[in-house]
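Chains as they are written, first to last, in our numbering: chain Z, 1 to 262; chain B, 1 to 277. A virtual CB, placed ideally from N, CA and C, is assigned to each residue, including glycine. The block underneath contains the structure these notes are about, expressed in structure tokens.
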Amino acid sequence: MTGGGGTGAVAVLADGLAAGYGAEPVLRDVSFAVAPGRSVCVLGPNGGGKTTLFRVLIGELRPAAGRARVAGRPAYVAQTERTRLDFPVSARDVALMGALARGRWWLPAGRQERAAADAALERVGLAAEGDVRFGELSGGQRQRALLARALVQDAAVLILDEPLAGVDPASAALIGDVFDELRAAGRTVLVSSHDVESARGFDRVLCLHGRQVAFGPPAEVLDRETLEATYGREMIVLRDGGPARAVTVQHHDHAHGEHEGA
Amino acid sequence: MEPFDWLLEPLRSGIDRRALLEVALVGGFCGALGFWIVTERLTYAAESLSHGLLPGLVLAALAGAPLLLGAAGGAVAAAVLLALAGRDERIGPDTGTAVAVTGLVGLGALLALEPDAPPRLEELLFGDPLGVSDGDLAAAAALLVAGGAALAALHRPLAAVAFDPPGAAAAGLRPALVRIALLVLLASAIAVAVRGLGALLVLAALVAPPVAVRRHVRTPAGAMVGGGALAVAAGLTGIELSFHAGTAAGASVALALCAAAAVGAVGRRSRRSPRPH
């Protein structure tokens, strides 16, 4: 279980962590520490263990071995396809769910909580869509509503599972702006992604492929050897006259990500 | 006879008055609870639990004990057995549950058909809202008040867990505990409602109302209020039908509930146009 104090200057810590859903862990040998205010991009193929790591960090899944610690209760933004699109809630209702982290779950949402939800929706550009049913929003709008829920939770650590997957450019730009604001405000942000190029903009990169392949600054981690170990057959090196480019084969209707080959 | 008098005619009979009150109290709660049962995909669990408590009902009838006591004991025993049967990964949870439920129904029928047993199997299987006692009505009223209060208090956690369990866990909720609370409410509702609708028909009060209203509401609260109101209306319609047509009361209520579900399921959906991606 994730927990609060005792982590000192470490916002997120994994130490010899292994986790899975049956007898055999799907993720093992994960050890890293993230200082408060840092941003981390988690790279890896589908099934590489990104979501499993996040489920451990938010306390939904117990480690099979090792330990994980998060300073305070993290906010979590799931992949939108993992939410119930047929469930009758509005974008404002979703944002208000972030207020449950403050306790008093047995009481109806108060005026302050509603004001926080409206402010979060405005921050992600959904002020006019507060009453629209979540399942009727576009993919990018849904992702922003989930981000608004995380903002209402007002956590020191935010964990986002492929927040830009299948998102339209306008939503991606808005989400990127919010990331920048959060990092400027000293929040620790962990983001899983298939976009190798965007990983260069983070403070640290964590590469997973059933185990920890690498962790460190992008300049040290994003070399061809590490990426091949991370993506294996899901990475193709293109040689089309210019510099070699690596393309990661992606799923869930993601666009292909490219980066300059080392 | 004026139509209004025709409708109020059952109220002149003390027996039918109690039946109307019973189906209104039980229907009000089960119709509201049913939204969460259907949303959390617990319909098969509800059916298994309601059928599986039959031996408890029969034993209570044989011993002359209150049926509510037998239903509660039977529900607990059935829940434990179903949980154990569902854990056998070699045959899968559905198959294990089906075998256990069939065994429990067979055991209940075997006990009830003993030569010395009082002839009440039909009542236990199909319910008898016309035979409810003061204690049954008190239990139904307590279920509506206490269960309704629990549903109101659990409203936000239930919605958060149903919408996105990992997100709810990150916000500090325990999805497993929220679901256990829901199962406790389900077992309580079945134990009380089985008196009027029987082990085979009680599921109608839980599942038909949310099916009827689900396409026409925009919030969980709307679904609960709408489901509860529809269950009350269908229950009263069933008792009216039973009174005037001379049909079995429990079966009439179940048929009215299922008819409402069929109408609601094919009715026009209340929704806005999907937004562009």
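Residue interval of the alpha helix (DSSP H) (run including residue i)
{"i": "residue 75 of chain B", "result": "67 to 85"}
{"i": "residue 272 of chain Z", "result": "Outside the modelled stretch of chain Z, which goes from 1 to 262, sits residue 272 of chain Z, for which no answer is possible."}
{"i": "residue 131 of chain Z", "result": "Where residue 131 of chain Z is concerned, there is no enclosing alpha helix (DSSP H), given that its DSSP letter is neither H nor E."}
{"i": "residue 210 of chain B", "result": "203 to 213"}
{"i": "residue 15 of chain B", "result": "14 to 39"}
{"i": "residue 216 of chain B", "result": "Careful: residue 216 of chain B lies outside any alpha helix (DSSP H) and carries neither H nor E."}
{"i": "residue 56 of chain B", "result": "54 to 63"}
{"i": "residue 3 of chain B", "result": "3 to 8"}
{"i": "residue 93 of chain B", "result": "93 to 112"}
{"i": "residue 252 of chain B", "result": "249 to 266"}
{"i": "residue 42 of chain B", "result": "Counting along the chain, residue 42 of chain B falls outside any alpha helix (DSSP H), and DSSP gives it neither H nor E."}
{"i": "residue 140 of chain Z", "result": "139 to 153"}
{"i": "residue 121 of chain Z", "result": "111 to 123"}
Same chain only: Cβ atoms within 8 Å of residue i, ignoring 5 sequence neighbours per side
{"i": "residue 239 of chain B", "result": "10, 16, 19, 20, 23, 129, 249, 252 and 253"}
{"i": "residue 14 of chain B", "result": "none"}
{"i": "residue 186 of chain B", "result": "33, 37, 42, 45, 46, 49 and 206"}
{"i": "residue 12 of chain B", "result": "none"}
Spatial neighbours of residue i in its chain, beta-carbon cut-off 7 Å, leaving aside the 5 residues before and after
{"i": "residue 199 of chain B", "result": "50, 51, 53, 54, 57, 124 and 125"}
{"i": "residue 85 of chain B", "result": "96, 97, 99 and 100"}
{"i": "residue 199 of chain Z", "result": "41, 43, 193, 205, 218 and 222"}
{"i": "residue 241 of chain Z", "result": "For residue 241 of chain Z, the predicted structure reports a pLDDT of 48, less than 50, and the residue's modelled location is therefore unreliable. A value from the coordinates is still provided. None."}
{"i": "residue 57 of chain Z", "result": "2, 12, 68, 70, 74 and 159"}
{"i": "residue 80 of chain Z", "result": "139, 142, 143 and 146"}
{"i": "residue 239 of chain Z", "result": "Unreliable positioning characterises residue 239 of chain Z in this predicted model, as indicated by a pLDDT of 49, which lies under 50. The coordinate reading is nonetheless provided below. Cβ within range, chain order: n/a, list empty."}
{"i": "residue 176 of chain B", "result": "none"}
{"i": "residue 241 of chain B", "result": "247, 252 and 256"}
Residue i and residue j closer than 7 Å at C-beta
{"i": "residue 258 of chain B", "j": "residue 204 of chain B", "result": "yes"}
{"i": "residue 219 of chain B", "j": "residue 108 of chain Z", "result": "no"}
{"i": "residue 157 of chain Z", "j": "residue 63 of chain Z", "result": "no"}
{"i": "residue 205 of chain Z", "j": "residue 41 of chain Z", "result": "yes"}
{"i": "residue 77 of chain Z", "j": "residue 27 of chain Z", "result": "no"}
{"i": "residue 227 of chain B", "j": "residue 29 of chain B", "result": "no"}
{"i": "residue 18 of chain Z", "j": "residue 65 of chain Z", "result": "yes"}
{"i": "residue 231 of chain B", "j": "residue 31 of chain B", "result": "yes"}
{"i": "residue 162 of chain B", "j": "residue 212 of chain B", "result": "no"}
{"i": "residue 217 of chain B", "j": "residue 223 of chain B", "result": "yes"}
{"i": "residue 174 of chain Z", "j": "residue 125 of chain Z", "result": "yes"}
{"i": "residue 160 of chain Z", "j": "residue 48 of chain Z", "result": "no"}
{"i": "residue 101 of chain Z", "j": "residue 129 of chain Z", "result": "no"}
{"i": "residue 30 of chain Z", "j": "residue 14 of chain Z", "result": "yes"}
{"i": "residue 167 of chain Z", "j": "residue 120 of chain Z", "result": "no"}
{"i": "residue 59 of chain Z", "j": "residue 168 of chain B", "result": "no"}
{"i": "residue 68 of chain B", "j": "residue 141 of chain B", "result": "no"}
{"i": "residue 178 of chain B", "j": "residue 210 of chain B", "result": "no"}
{"i": "residue 113 of chain Z", "j": "residue 99 of chain Z", "result": "yes"}
{"i": "residue 71 of chain B", "j": "residue 184 of chain B", "result": "no"}
{"i": "residue 75 of chain B", "j": "residue 191 of chain B", "result": "yes"}
{"i": "residue 62 of chain B", "j": "residue 117 of chain B", "result": "yes"}
{"i": "residue 135 of chain Z", "j": "residue 61 of chain Z", "result": "no"}
{"i": "residue 153 of chain B", "j": "residue 106 of chain Z", "result": "yes"}
Endpoints, the beta strand (DSSP E) within which residue i is located
{"i": "residue 204 of chain Z", "result": "204 to 208"}
{"i": "residue 136 of chain B", "result": "Not the beta strand (DSSP E): residue 136 of chain B falls in the alpha helix (DSSP H), residues 134 to 142."}
{"i": "residue 130 of chain B", "result": "Segment: none, residue 130 of chain B is in no beta strand (DSSP E) and carries neither H nor E."}
{"i": "residue 159 of chain Z", "result": "157 to 161"}
Beta-carbon proximity list for residue i, same chain, < 6 Å, skipping 5 on both sides
{"i": "residue 127 of chain B", "result": "196, 197, 198, 201 and 250"}
{"i": "residue 112 of chain B", "result": "58 and 121"}
{"i": "residue 39 of chain Z", "result": "183, 189, 202 and 203"}
{"i": "residue 186 of chain Z", "result": "37"}
{"i": "residue 237 of chain B", "result": "256"}
{"i": "residue 144 of chain B", "result": "25, 28 and 29"}
Residue i Cβ short of 6 Å to the ligand MG heavy atom set
{"i": "residue 188 of chain Z", "result": "Looking at this structure, you won't find the ligand MG or any other ligand, since it has none at all."}
How about the region 207 to 224 of chain Z and the region 177 to 187 of chain Z: do they share at least three Cβ pairs that are nearer than 8 Å? Under the 8 Å Cβ criterion, the region 207 to 224 of chain Z does not count as touching the region 177 to 187 of chain Z, having fewer than three qualifying pairs.
Using 8 Å as the cut-off, can you tell me whether the region 72 to 85 of chain B makes contact with the region 48 to 58 of chain B, which would need three or more C-beta pairs spanning the two stretches below that distance? yes
Ignoring anything shorter than 3 residues or poking outside the region 31 to 106 of chain Z, list the beta strand (DSSP E) runs there in chain order. 39 to 43, 65 to 70 and 75 to 77
Which runs of the beta strand (DSSP E) spanning at least 3 residues fall entirely within the region 141 to 190 of chain B, listed in chain order? none
Of all the beta strand (DSSP E) runs that stay within the bounds of the region 169 to 227 of chain Z, which reach a length of 3 or more residues? 188 to 193, 204 to 208 and 212 to 216
Specify whether the region 92 to 99 of chain Z and the region 46 to 59 of chain Z touch according to this definition: at least 3 beta carbon pairs, one from each stretch, less than 8 Å apart. The region 92 to 99 of chain Z and the region 46 to 59 of chain Z do not touch, with fewer than 3 CB-CB distances between them shorter than 8 Å.
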